[in-house]
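A short worksheet on the structure shown next.
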Amino acid sequence: MPRTTENTGEGRGSGHKGPAKGFAFGVASVTQALHGTSFPISKEDLIRAHGKEEVNWTKDSSERLEDLLRETDKDEFLSVADVASAVSEAHREARGEEDED
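As structure tokens, this is what we get:
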């Protein structure tokens with residue numbers, strides 16, 4: 001079972017709640033990879049800044065954030081929530097297409 005702490009791995013007392021870095025999966029892992037990003041931001045600028053970050057999509061698989069972002073239809077993101085939503089939707093659609101084969 002993933003270990004949880006009172007913060008996101010940024011150091012005790014940071015005021016952020018959630019799993020320690022490296023113990024988040026899916027959208028939570030995406031949001032951790034985007035820590036410190038200023039929005040709005042273009043997809044290409046986001047890829048340049050954070051594309052090489054490894055995102056733990058599931059317990060047993062990780063993907064580079066660049067690959068997840070390239071699957072989205074958006075060219076600009078207004079917030080972390082906007083990125084998380086777009087990545088989640090693209091991932092669901094890709095998984096659905098694979099299931100149809």
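Numbering (full-length UniProt numbering), first residue to last: 1 to 101.
We put the CB at the ideal spot given by N, CA and C, even for glycine.
Note that the structure is a prediction, hence the values are computed from the model and not measured.
**Cβ-based neighbour list, V80, same chain, cut-off 6 angstroms, excluding 5 preceding and 5 following** = For the purposes of this step, residue 80 is identified with residue 80 of the sequence shown, where counting begins at 1. Around V80, the same chain offers T31 and L34 as residues with beta carbons nearer than 6 angstroms, after the five sequence neighbours per side are excluded.
**Item:** C-alpha distance - A49 paired with R92, whole-angstrom precision
**Value:** Taking the first residue of the sequence shown as position 1, residue 49 is located at position 49. Taking the first residue of the sequence shown as position 1, residue 92 is located at position 92. Between A49 and R92, the C-alpha separation is close to 25 angstroms.
**For R64, the residue or residues it bridges with in DSSP** = Sequence index remark: in the sequence shown, residue 64 carries index 64 (1-based). DSSP lists E54 as partners of R64.
**Request:** Following the continuous alpha helix (DSSP H) through T31, name the residue where it begins and the one where it ends.
**Result:** Stepping through the sequence shown from its first residue, residue 31 is reached at position 31. From DSSP, the alpha helix (DSSP H) with T31 extends over V27 to A33.
**Through-space distance from N56 to G22, alpha-carbon basis** = In the sequence shown, residue 22 corresponds to position 22, counting from 1. In the sequence shown, residue 56 corresponds to position 56, counting from 1. Interpretation of G22 is limited by its pLDDT of 49, a score under 50 that renders its predicted location unreliable; the figure taken from the coordinates is listed afterwards. Annotation: G22 to N56 spans about 8 angstroms, alpha carbon to alpha carbon.
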